[in-house]
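**Q**
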Amino acid sequence: MTHILVINSGSSSLKYRLLSVGAWPAPQAAVRLASGTVERIGEPGSPVADHGAALDAVAAELAAVGFGLDSPELTAIGHRVVHGGRDFTEPTLITDEVAERIERLIPLAPLHNPANLAGIEVARRFRPDLPQVAVFDTAFHGTIPAAAATYAIDRETAERHGVRRYGFHGTSHAYVSREAAELADRPGPGGPNVIVLHLGNGASASAVAGGRCVETSMGLTPLEGLVMGTRSGDVDPGVLMHLHREAGMGIEQIDELLNRRSGLLGLCGDNDMRAVERRVAAGDPEAELAHAVYCHRLRKYVGAYYAVLGTVDVIAFTGGIGENSSLVRERTLSGLDGLGIVLDADRNAAGKGLISADDSRVRVAVVPTDEELEIARQTLDVISRTDRG
Ligand code: AMP
582 MTHILVINSG SSSLKYRLLS VGAWPAPQAA VRLASGTVER IGEPGSPVAD
632 HGAALDAVAA ELAAVGFGLD SPELTAIGHR VVHGGRDFTE PTLITDEVAE
682 RIERLIPLAP LHNPANLAGI EVARRFRPDL PQVAVFDTAF HGTIPAAAAT
732 YAIDRETAER HGVRRYGFHG TSHAYVSREA AELADRPGPG GPNVIVLHLG
782 NGASASAVAG GRCVETSMGL TPLEGLVMGT RSGDVDPGVL MHLHREAGMG
832 IEQIDELLNR RSGLLGLCGD NDMRAVERRV AAGDPEAELA HAVYCHRLRK
882 YVGAYYAVLG TVDVIAFTGG IGENSSLVRE RTLSGLDGLG IVLDADRNAA
932 GKGLISADDS RVRVAVVPTD EELEIARQTL DVISRTDRG
């Protein structure tokens, strides 16, 4: 049996999951042995001073369930890394050089990559003998063609500063699109075409043709695209200049506005979709507008990605909202019979597996995401390839 530890290291928290997975090439059979989150890293008064102390806490939690972090049974460690830039479009075995290249990408993800690196550094110090693999949030989107990845701005400026569309949530889009492809009825010769709608606190859509991602809604940063809990998603870039000139807002204030005070929160004061929907049910007009803006944006992306793909076999909903809100799914896809998309009301209300009607040409499904399992699979894949030379 193969044991993989998955680490998702943030600036103030470290999430982990220990999985026991079937040997390559059948890593599908996975059993979660332990999981948890160490919180408040480095905060005043916290017993967890830094990421090193956080890993010690993980070791203690694993020991309490009978597994030593120093155990020879541990096969590898997989690390989530948010930004791989143009350097990394595949999960990658971590060496000193790889760690340095991740460090050089910090300007593209100033909040996330340093925290991811901190997790990598302490884990490599703890287990220098083990293969450790970086699985990048951007990697699955590395196949997006230039026409979709390029912003129509001055080329030299864009190239000098790495300004292009990278996309995020890649491990979720990879996992869910593969699961969804299994549900396709009669896919074309290139394999099933899938639209994935990952709707959590952050939200993104992707278009996947025969297993390859060809479009995604997040861009240089996770701010572009869909309406999110606190992020605006798409706005006219002219809004930034207008706010600067007319309201005297500086760049940090605009950053804070668009990332933390926009989206559902900005529109109605609640960023939790459950709260928004309770207010919608009670007839609250602000919540109703927030919900309507959210679903309209989503519907627009479904239409756009339908056109990008030409034909669609499966539309998959995932993430906390995608998996649980029948109202979002219904409002997003209602009245699209002309595109061959017909929801079944009872199945949508039940919200498990296929939710489209039997006569719907496009199948619609709820597919719970599992990013940790995907990181474990990709980690195993990398070390199996390395072992086989
Ligand atoms: P995630 O980031 O994937 O954990 O998703 C978080 C989002 O899922 C929050 O906006 C929650 O309000 C939303 N969510 C969770 N459960 C439900 C539910 N039953 N109905 C509507 N939204 C939900």
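Numbering-wise, the sequence shown is residues 582 to 970 according to the working numbering. Note that CB positions come from ideal geometry on N, CA and C, so glycine has one too. Since the model is a prediction, treat every value here as computed from it, not as a measurement.
Considering only C-alpha positions, which residue in the set L914, T656, N774 and L650 is nearest to E796?
**A** N774
**Q** Specify which residues have a beta carbon nearer than 5 Å to any heavy atom of the ligand AMP, listing them in chain order.
**A** G781, N782, D853, M854, R855, G900, G901, I902, N905 and S906
**Q** Pick helix, strand or coil for F707, following the three-state DSSP scheme.
**A** Helix, per DSSP.
**Q** To the nearest angstrom, how far is the alpha carbon of N549 from that of G932?
**A** The shown model of the chain, from 582 to 970, leaves out residue 549, and the question about it has no answer.
**Q** Mark H742 as exposed unless 16 or more other C-beta atoms lie within 10 angstroms of its C-beta, in which case mark it buried.
**A** Around the CB of H742, fewer than 16 other CB atoms lie within 10 Å, so the residue is classed as exposed.
**Q** Put G617 into one of helix, strand or coil per three-state DSSP.
**A** strand
**Q** Which residues does DSSP list as the beta-bridge partners of C794?
**A** V789
**Q** Can you list, in chain order, the residues of its chain whose CB lies under 7 Å from that of A755, leaving out five sequence neighbours each side?
**A** F721 and E955
**Q** Within the same chain, show all residues whose beta-carbon is closer than 7 Å to that of G617, passing over the 5 residues directly before and after it, in chain order.
**A** Y597 and E642
**Q** What is the rounded straight-line gap between the Cα of G781 and the Cα of H664?
**A** 19 Å
**Q** What residue range does the alpha helix (DSSP H) around A828 cover?
**A** G819 to A828
**Q** Are three or more beta carbon pairs between the stretch 929-948 and the stretch 896-905 nearer than 8 Å?
**A** yes
**Q** Between G633 and H779, how many whole angstroms is the CB-CB distance? I'm expecting something under 8 Å.
**A** Not really, about 32 Å apart at Cβ, beyond 8 Å.
**Q** For V619, which option in A635, T719, A862 and A957 has the closest C-alpha, if you only look at C-alpha atoms?
**A** A635
**Q** Using 7 Å as the threshold, is the C-beta distance between S813 and G844 below it?
**A** G844 sits close to S813, with the two beta carbons spaced by under 7 Å.
**Q** Tell me G659's beta-bridge partners as DSSP assigns them.
**A** V587 and V714
**Q** Distance, Cα to Cα, T576 vs S594?
**A** Residue 576 is absent from the model: the chain starts at 582 and stops at 970.
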